[in-house]
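Position 185 of the sequence shown, counting from 1, maps to 656 under the numbering used here, and the rest follow consecutively.
The structure appears below as structure tokens.
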Amino acid sequence: MSDKRPVVIDLRFARESVVSALRSAFPDRPVIDMGDPANADRDLSEAEFAVVWKPDPELFRRATGLKAIFSGGAGVDHILSAYELPDLPIIRFVDRSLTDRMSEWVVWQCLHHLRNGIAYASQQRDRVWHEIAEQPEARDVTVGVMGLGVLGADAVRKLKVMGFDVIGWSRRAKSIEGIETFDAATLDAFLGQTDILVGLLPLTGDTRGIYDRALFSKLRRTGPLGGPIFLNAGRGGSQKENELTKCLADGTLNAASLDVFEKEPLPADSPLWTMPNVIVTPHAAAASDVRALFRHVEAQIARVEAGKALEFVVDRTSGY
472 MSDKRPVVID
482 LRFARESVVS
492 ALRSAFPDRP
502 VIDMGDPANA
512 DRDLSEAEFA
522 VVWKPDPELF
532 RRATGLKAIF
542 SGGAGVDHIL
552 SAYELPDLPI
562 IRFVDRSLTD
572 RMSEWVVWQC
582 LHHLRNGIAY
592 ASQQRDRVWH
602 EIAEQPEARD
612 VTVGVMGLGV
622 LGADAVRKLK
632 VMGFDVIGWS
642 RRAKSIEGIE
652 TFDAATLDAF
662 LGQTDILVGL
672 LPLTGDTRGI
682 YDRALFSKLR
692 RTGPLGGPIF
702 LNAGRGGSQK
712 ENELTKCLAD
722 GTLNAASLDV
732 FEKEPLPADS
742 PLWTMPNVIV
752 TPHAAAASDV
762 RALFRHVEAQ
772 IARVEAGKAL
782 EFVVDRTSGY
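Below, the structure is given as structure tokens:
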């Protein structure tokens, strides 16, 4: 029997994915899977590490011996905003699979709008055979990415490979080779050049509700796509959905692709479901690969046991 202390798992993911991944994870230490009803009343005081995504609020009061908390996703606002947390390191999930999935979604949506995907889908439903004459190239379109962390920086590079003119924005100045970047002081200049706005910001006090009518109205209106387009795969709380919906209806925005929402699942009565210029995906742009998540946690635990510092620790002041 292992003399190592347990890791507790409380992930609101598809149950079968967690069970399958746990079959080969953490082979050298006990695992307490809170998704198993048999563990509902189990003593958690000996648990050393917790891997969580929207966990039971009681977890942190019961697991009094924790050394670190691992987020089940790239974002940590689900923990920071909803729980009374012990003074412990919180570690973001950073992994190639998560990064690649996000960039794939961003590139897919940019190409979909570039190549008249919404119009052609409508024509297919109506059995209309008509080639749209106006067809700009990627090089004609400026994509502005807001959020230049791990996910944003990767998306920027891959959009560049596809031929788009790409610029980036972050609250604090950042430098990415070959990319023009902007910061808080130059937001308006960034927006004024942008045809497709990509939201990959974390949710913080500064970014909550940042995507509103005032911001959308500053996007470039003379670009080759007939008007600005908004993509959001960051956090739903960063968009003011009522204003976003109205902007999509009155032409302030030409179209949108949305993966995150203020309330999830997106309510059945939301007008976003049926707006002809909106693509909705169910917070699936960068779904966590549970096996990759557990490998990430195992690697960080190994660092702790080797006397090394944890990586990807959240700065609670900035929120990411």
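We treat Cβ as the ideally placed atom computed from N, Cα and C, and that holds for glycine.
Residue pairing for E555: DSSP places it in no beta bridge. The straight-line gap separating the alpha-carbon atoms of A553 and Y591 is approximately 42 Å.
In this chain, the beta strand (DSSP E) harbouring D504 covers 502-504. Residue K538 holds the alpha-carbon nearest to the alpha-carbon of L556 among M746, R598, K538, W579. By the C-beta criterion, the region 602-612 is judged to be in contact with the region 685-702, since at least 3 inter-stretch pairs fall below 8 Å. Distances from the alpha-carbon of S593 to those of L559, T745, K645, K734 put T745 closest. Where W640 is concerned, the enclosing beta strand (DSSP E) starts and stops at 636-640. For G615, the uninterrupted beta strand (DSSP E) segment begins and ends at 613-617. T716 is positioned such that its CB atom lies closer than 9 Å to that of P742. One thing to note: A509 has its Cβ no nearer than 9 Å to the Cβ of V577. Judged by DSSP secondary structure, A626 falls within the alpha helix (DSSP H) whose first and last residues are 621-632. About 11 Å separates the beta carbons of L668 and G705, which is beyond the 8 Å limit, so they are not a contact pair. DSSP places I650 in the strand class (E or B) of the three-state scheme. Closest by C-alpha distance to A534, out of L569, P477, G546, L551, is P477. Secondary structure of I750 (DSSP, three-state): strand. Counting only runs of 4+ residues, the alpha helix (DSSP H) found wholly inside the region 502-555 occupies 530-533, 548-551, in chain order.
Distances from the alpha-carbon of D677 to those of D740, D636, G618, V479 put G618 closest. The beta-bridge partner set that DSSP reports for L729 consists of N703, V751. For the pair A644 and F687, the Cα-to-Cα distance works out to about 22 Å. Excluding its 5 nearest sequence neighbours in each direction, L662 has C-beta neighbours in its own chain below 6 Å: K689, L690, listed in chain order.
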